Amino acid sequence: MSALIMDGTSVATSALAETAERVRDFTARVGRPPVLATVLVGDDPASHTYVRMKRSRCARVGIGSRSVELPATTTTAELVGLLAELSGDPAVDGILLQHPVPGHVDERAAFEAIAPHKDVDGVTTRSFAAMAFGLPGFASCTPGGILRLLDAYDVPLPGRRAVVVGRSPILGKPVALLLLARDATVTCCHSKTADLAEVVREADVVVAAVGRPELVRGEWVKPGAVVVDAGYNPGNVGDVEHATARERAGLITPVPGGVGPMTIALLLEQTARAAEANAGLA
Ligand SMILES: Nc1nc2c(c(=O)[nH]1)N[C@@H](CN(C=O)c1ccc(C(=O)N[C@@H](CCC(=O)O)C(=O)O)cc1)CN2
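Numbering (the working numbering), first residue to last: 126 to 407.
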């Protein structure tokens, strides 16, 4: 058996078309486009690529973007000050702080400086709590994008065993919360998990979100399982050993072309939603 590929590029393209229509309507009514501020600290080449991709997709759907690039020597206080300023700027609808920031910066303090109504990347504790309680709010973009992709392929979640490998604040933990909110039975694994292989073997749905190339071995995948690879490792290698996993899974995401495009599609949709709410249209 060979798995059906979950085509994130195609699902994201449809989502972007819907966002473009929404943005056209907003721009006609308000007299300006929605605006996303992107904030990048330091010289990480991958982060520069991701921010460029986000700004280019913004342009494609008609969202304006404001780019702030700061040196790697930026302090926590300077970054918090900038994010507070953007939070208070009525010309900015959404704010994205690209992760990771340099090690000496308190990333949590920086995320918390983003006003919740502009947190289109879903990184504040307020957004996290909304995901946990199933309340309206902005989802973390990669986790929210993963749920959209599962829905696009009609993957049933209630009662199914979902295993999330990874517990980062912007990926593993929020995706576990979103799966739980959809009535999956969720196990969240991490570096101290005993016998990871055995836990993954039980899963109907596996989400690999750990940032370690091919950590999840193909032979761990239960026949017919749904495999979501959210790994972004150098050279476009995912967290799942794809070739063997694909022979066993029922559905699987590729890298590239799976979760990545969905992340950006959700960011733009949430920016359009934030703009509507900020303008009193929602
Ligand atoms: N503040 C955030 N930081 C990070 C996030 C995030 O959602 N918010 N996610 C990741 C990286 N990321 C976005 O920032 C991201 C990574 C990859 C892609 C993507 O579309 N990749 C393409 C391949 C691109 C290529 O050709 O090199 C794909 O998978 O098809 C989008 C977004 C960490 N940081």
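Glycine included, each C-beta is placed from N, C-alpha and C at the ideal position. For clarity, every value in this text was computed on a predicted model and none was experimentally measured.
Could you give the uninterrupted runs of the beta strand (DSSP E) lying entirely in the segment 199-285, keeping only those of 3 residues or more? 219-222
Pick from P268, T267, F253: whose alpha carbon is nearest that of P261? F253
Could you check whether the segment 172-190 touches the segment 306-326, counting it as contact only if at least three pairs of C-beta atoms, one from each stretch, sit closer than 8 Å? Counting C-beta pairs closer than 8 Å gives fewer than three between the segment 172-190 and the segment 306-326, which falls short of the contact rule.
Residues in its own chain within less than 6 Å of E339 by CB, not counting five upstream and five downstream? E366
Would you call the segment 222-231 in contact with the segment 376-386, where contact means no fewer than 3 C-beta pairs closer than 8 Å? no
Residue from T138, V248, I220, A162 with nearest C-alpha to V300: Cα-wise, what sits closest to V300 is V248.
Confirm, please, whether the CB-CB distance from A399 to H242 is below 8 Å. yes
Within 10 angstroms of the Cβ of L275, are there 16 or more other Cβ atoms? Answer buried if so, exposed if not. With 16 or more other Cβ atoms within 10 Å, it is buried.
Nearest residue (CA-CA) to G259, options G189, V384, L303: L303
Report the rounded CA-to-CA distance for C313 versus G206, giving the unit in angstroms. 35 Å
The alpha helix (DSSP H) with E146 in it runs from where to where? 133-155
Please determine, among V324, Q395, R147, the residue with the shortest C-alpha to C-alpha distance to C266. Q395
DSSP state of A407 mapped onto helix, strand, coil: Of the three classes helix, strand and coil, the one that applies to A407 here is coil, per DSSP.
If you draw a straight line from the alpha carbon of A209 to that of E237, how long is it in whole angstroms? 9 Å
Could you tell me if the beta carbon of L406 falls within a distance shorter than 7 Å of some heavy atom in ligand 1? no
Of the residues M387, A184, F151, the one placed nearest L272, counting alpha carbons only: For L272, the nearest C-alpha among the options comes from M387.
Meets three-Cβ-pair contact criterion under 8 Å: the segment 286-297 and the segment 139-155: no
Got a sec? Which residues, its chain only, sit under 6 Å from N403 by beta carbon, not counting five neighbours each side? D218
CB-CB under 8 Å to V125, same chain, minus the five flanking residues each way: which ones, in chain order? A question about residue 125 goes unanswered here, because the residues of the chain that appear run from 126 up to 407.
Once DSSP output is grouped into helix, strand and coil, what is the label at L296? The answer is coil: DSSP assigns L296 none of H, G, I, E or B.
Curious, which full-length alpha helix (DSSP H) runs of at least 4 residues does the segment 312-346 contain? Counting only runs of 4 or more, we get 321-326.
Between the Cα of P359 and the Cα atoms of S172, A257, L321, K347, which residue gives the shortest distance? S172
Beta-carbon proximity check, G336 vs D364, cutoff 8 Å: A contact, by the Cβ cut-off of 8 Å.
Would DSSP call T378 helix, strand or coil? coil
Rounded distance between the beta-carbons of A216 and V186, thought under 8 Å: Contact flag wrong, Cβ pair sits at about 18 Å.
Go ahead and pull the three-state DSSP assignment for S172. helix
If you draw a straight line from the C-alpha of W345 to the C-alpha of A328, how long is it? 9 Å
Give the straight-line distance between the Cα atoms of L211 and V155, rounded to the nearest whole angstrom. 20 Å
Mapping DSSP to helix, strand and coil, what is A397? DSSP places A397 within a helical segment (H, G or I) once states are collapsed to three.
Beta carbon of L392 nearer than 8 Å to that of V245: Their beta carbons are under 8 Å apart, which means L392 touches V245 by this criterion.
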